[in-house]
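A short write-up of the structure that comes next.
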Amino acid sequence: MTGAPATGVTTDRELRELADKQAALGEVRGVPAADPVNTPMIRHWLDAMGDSNPAYLEKGVAPPAMAQVWTMQGVRSRGRDRSPVDDVLAELDAQGFTGVVATNCEQTYHRYVRLGERLTPATRFSGLAGPKRTALGEGYFATWNVTWYGEADEPVAEMMFRVLKFRPRKRAAPGPQGGQGEGGQGEGGRRPYPLRPAVSRDTEFFWEGVRHGELRVQSCADCGRLRHPPGPVCPACRSTNRSYVTAAGEGTVYSYVVHHHPPVPGRTAPFVVAVVELPEGVRIVGNVVDCPPEAVGIGMSLRVTYRAMDDELILPLWVPRES
Amino acid sequence: MRTLTEDQVEIGSVLPELSIDLTPTVVVSTALATMDFTPVHHDVEGARAQGSKDIFLNILTTMGLVERYVTDWTGPEAVIRRINVKLGVPAYAGDRLSFNGTIVAHDGAEFTAEVRGKVSLGDHATGTVTFTLPQ
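Right, here's the structure in full:
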């Protein structure tokens, strides 16, 4: 378990490499079902579900939604049959994305399976998407596909399954608000910082940079002009092709205010909000910290620093360059 | 038990509501019948330790109940082809799970019902079930 407050560049790259590697394994056969399709398990399932459909037992076929049941692992053998998915989930756990909620389950039944057939599962890891900000916290969506094969080696059922692995916001969470799962077991315990930046498609490169310890400034991919705050169109040539450059991380106070009132959630007044002029040619608004407000003045030299505001959010802040 | 035939179902046909009391017995018996021994589906203390307020339905059961909801209405001769479910809030023991559904597509021999399973916290499962009927 890492103590990292948010996804770093290494984490993200490592996860992607692992995900690509696991996906490249293709479909990996699992252990065949412990039992063939059988009447007692079907009867038990129908009884528990309250399903009075007589067709299954009359015809000697299993309810199609039982597909996965046949190859579930028992109490003692849980975790023994490893699939390409396990390594990805384990690495997400190790990186602090310990919460899990399933988000999608899609099953296709090619035919109903008959009593006596023994099914074999095969699992393919199909993708990792993220990091994404979700209602439960920052996380990755992991998707995999399982195909169940009959004894003639023909697919009888398929499933696409997707989970969100998320970094729980805090330890004593009252439970996932929007999910079906078992979150809240992770590290953490910091109160969430109440003010959060609005991350959009225009600005996500900037916040991704912050997580990676980079101060990114949007640039026009056609005329090269830098602009900040980020926007969809170049004000110089009107191109919508965007890129960014990584700023050196230094600047000077172009203007500033000392905020005394009204109270701001998560902040202790007085604090300094400055317009920082970068040598790259744009100005960025940010807080100046690590010095008393009265020490701040126009022209003061600053350098950027990245501070974890809670378990998830990192903000770029400015400190005197001498410090 | 009779089964609806193709000419008895059309786009807009409404499935009658099915409401299920999620007693602890329902949650536990279905978890075990689906061979899912994850503690959050049978162990209250284990579920609470993970941050959940109680034990809750497992996904294999959700899929099973969605299937049952449609075949309860169609009758036994319907053939289920596909179940696509988007999972929402947990269905905790002590809650009530209510299904509603409507036929939204008819393509060749296949009918598709849009199904929604709600609990007190909101949508537990929403999705579609595609099936065929006797002619």
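Which chain is which? The protein sequence lines are L and R, in order. All letters in the first sequence, in the order written, are residues 397 to 719 by this note's numbering. All letters in the second sequence, in the order written, are residues 1262 to 1396 by this note's numbering. By construction, the Cβ of each residue, glycine as well, lies at the ideal position given by its N, Cα and C atoms. Note that the structure is predicted; figures quoted are calculated from it, not measured.
When the options are compared against residue i, the one with the closest alpha-carbon
i	options	result
L:Ala498	R:Glu1371, R:Asn1319, R:Gln1396 and R:Ala1339	R:Asn1319
L:Lys528	L:Val471, L:Arg478, L:Glu673 and L:Trp603	L:Trp603
R:Phe1360	R:Glu1271, R:Val1270, R:Leu1276 and R:Ala1366	R:Leu1276
R:Thr1303	R:Asp1368, R:Ala1292 and R:Thr1363	Here residue 1303 of chain R is His; the residue named in the question, Thr, does not match the sequence. Per the Cα distances, R:Ala1292.
L:Asn449	R:Thr1295, R:Pro1337, R:Pro1300 and R:Thr1284	R:Pro1337
L:Arg558	L:Arg587, L:Asn500 and L:Ile438	L:Asn500
L:Lys455	L:Glu600, L:Asn434, L:Gly645 and L:Asp482	L:Asn434
R:Leu1358	R:His1367, R:Glu1375 and R:Gly1383	R:Gly1383
R:Gly1362	R:Gly1378, R:Asp1368, R:Tyr1353 and R:Gly1307	R:Gly1378
R:Met1262	R:Asp1333, R:Ile1344 and R:Gly1388	R:Asp1333
R:Val1376	R:Met1324, R:Tyr1353 and R:Thr1286	R:Met1324
R:Thr1266	R:Val1305, R:Ala1354, R:Glu1371 and R:Val1288	R:Glu1371
Residue i vs residue j beta-carbon contact at 8 Å
i	j	result
R:Val1350	R:Ile1341	no
L:Gly662	L:Val700	no
L:Asp738	L:Pro712	The structure shown does not extend to residue 738 of chain L, since chain L is modelled only from 397 to 719, so the question has no answer here.
L:Gly609	L:Tyr702	yes
R:Asp1268	L:Met468	no
L:Arg520	L:Asn541	yes
L:Val672	L:Thr648	yes
Assigned exposure category for residue i - 16 Cβ within 10 Å defines buried
i	result
L:Gly677	exposed
L:Ser635	exposed
L:Pro564	buried
L:Gly605	buried
L:Val660	exposed
L:His657	exposed
L:Leu411	buried
L:Gly492	buried
L:Gly495	buried
L:Asp549	exposed
L:Val427	exposed
Nonlocal neighbours in the same chain, by C-beta distance under 7 Å from residue i, ignoring five residues either side
i	result
L:Val669	Tyr652, Val653, His655, Val681 and Asn683
L:Arg425	Thr516 and Ala518
L:Ala525	Tyr536 and Phe537
R:Val1301	Gly1307, Ala1308, Gln1311, Ser1313, Ile1316 and Phe1317
L:Glu718	none
Where residue i falls: helix, strand or coil (DSSP)
i	result
R:Gly1325	helix
L:Gly579	Bear in mind that a pLDDT of 33 at L:Gly579, under 50, signals an unreliable position, so the number given afterwards is only what the model happens to contain. L:Gly579: coil per DSSP, three-state reduction.
L:Phe562	strand
R:His1298	Per the sequence shown, residue 1298 of chain R should be read as Phe rather than His. The answer is coil: DSSP assigns R:Phe1298 none of H, G, I, E or B.
L:His440	helix
L:Leu611	coil
L:Met462	helix
L:Arg453	The sequence given here places Leu at residue 453 of chain L; Arg does not occur at that position. Three-state DSSP puts L:Leu453 in a helix.
L:Val715	strand
L:Ala553	strand
L:Lys528	strand
L:Thr504	strand
L:Val427	coil
Contacting residues, own chain, Cβ-Cβ under 8 Å from residue i (five flanking each side not counted)
i	result
R:His1367	Val1270, Glu1271, Ile1272 and Thr1373
R:His1385	Leu1318, Thr1323, Leu1348, Gly1349, Val1350, Pro1351, Ala1352, Leu1358, Gly1378 and Lys1379
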